[in-house]
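Structure, as structure tokens:
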Amino acid sequence: MATAKPWRITRLPLNEWEYLKLKIWSENYNPNVTEVTFRMSIQQALQSLFGLAGVSNVIDVLDWDEKTNTGFIKVAQKELATVWTALTLHQFRVSGHACSIEVLGASASLISLADDSRLLK
Numbered sequence: 036m037a038t039a040k041p042w043r044i045t046r047l048p049l050n051e052w053e054y055l056k057l058k059i060w061s062e063n064y065n066p067n068v069t070e071v072t073f074r075m076s077i078q079q080a081l082q083s084l085f086g087l088a089g090v091s092n093v094i095d096v097l098d099w100d101e102k103t104n105t106g107f108i109k110v111a112q113k114e115l116a117t118v119w120t121a122l123t124l125h126q127f128r129v130s131g132h133a134c135s136i137e138v139l140g141a142s143a144s145l146i147s148l149a150d151d152s153r154l155l156k
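This note's numbering puts the first residue of the sequence shown at 36, with every later residue one more than the last.
Written out as structure tokens, the structure is:
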């Protein structure tokens, strides 16, 4: 009689990378955020919450759209919780207005974030 393997042994390994779709927003103000400001905001978020250990996380900015203030980043899946926490808790100022970073989506596949099928008509 064969015995079934426990689920923790038969599960598939995690993908190496996780992709996040981010948006910078502010109440009653449309911030003009450049890609450099976007990158700096991510680094400041990690450093303010986790210090030098947070800054050591590898994050790649894949795309930034200055018109919609949305962008895509790539992080190691094992660091996802750390990065996500730092981004959502971080607030900064652009032209005197408080701004925040919102995580619009997360996926192990970049293509699933790039085009949301729920928005297609």
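C-beta: ideal position from N, C-alpha, C; glycine also.
Discussion item. Between the alpha carbons of residue 116 and residue 92, how many angstroms are there, rounded?
Written reply: Here residue 116 refers to the residue found at position 81 of the sequence shown. Here residue 92 refers to the residue found at position 57 of the sequence shown. Rounded to the nearest angstrom, the two C-alpha atoms are 11 Å apart.
Worksheet entry | Terminal residues of the alpha helix (DSSP H) in which residue 93 lies | In the sequence shown, the residue the question calls residue 93 occupies position 58. Counting along the chain, residue 93 falls outside any alpha helix (DSSP H), and DSSP gives it neither H nor E.
Discussion item. Since residue 80 and residue 121 should fall inside the 8 Å C-beta cutoff, what is the C-beta to C-beta distance between them, to a whole number of angstroms?
Written reply: Taking the sequence shown and counting its residues from 1, one reaches residue 80 at position 45. Taking the sequence shown and counting its residues from 1, one reaches residue 121 at position 86. Contact flag correct, Cβ pair sits at about 4 Å.
Practice prompt. Measure the CB-CB distance between residue 108 and residue 59 and report whether it falls below 8 Å.
Written response: As a working mapping, residue 108 is identified with position 73 in the sequence shown. As a working mapping, residue 59 is identified with position 24 in the sequence shown. No, these two residues do not count as a Cβ contact at 8 Å.
Worksheet item: Can you name, in chain order, every residue of its own chain whose Cβ lies under 8 Å from the Cβ of residue 119, other than the five neighbours on each side?
Response: For the purposes of this step, residue 119 is taken as residue 84 along the sequence shown, with counting starting at 1. Excluding positions up to five away in sequence, the list reads 55, 138, 141.
Discussion item. Let me confirm a value: residue 165 is counted as buried when at least 16 other C-beta atoms fall within 10 Å, else exposed. Which label applies?
Written reply: Residue 165 lies beyond the range of the chain shown here (36 to 156); nothing can be said about it.
Discussion item. Given a cut-off of 8 Å on the beta-carbon distance, is the pair residue 101 and residue 129 in contact?
Written reply: Against the sequence shown, residue 101 aligns to sequence position 66. Against the sequence shown, residue 129 aligns to sequence position 94. Contact: no.
Item to complete: Report, in whole angstroms, the separation of the C-beta atoms of residue 78 and residue 90, which I expect to be a contact under 8 Å.
Response: Taking the sequence shown and counting its residues from 1, the one referred to as residue 78 is at position 43. Taking the sequence shown and counting its residues from 1, the one referred to as residue 90 is at position 55. With a Cβ gap of about 6 Å, residue 78 and residue 90 count as contacting.
Item to complete: Can you tell me which of the three DSSP states residue 105 falls into?
Response: Reading the sequence shown from its first residue, position 70 is the one you call residue 105. Residue 105 falls in the strand class under three-state DSSP.
Worksheet item: Do you know how far the Cα of residue 99 is from the Cα of residue 150?
Response: Start at 1 with the first residue of the sequence shown, and residue 150 comes out as number 115. Start at 1 with the first residue of the sequence shown, and residue 99 comes out as number 64. Those two C-alpha atoms are separated by around 15 Å.
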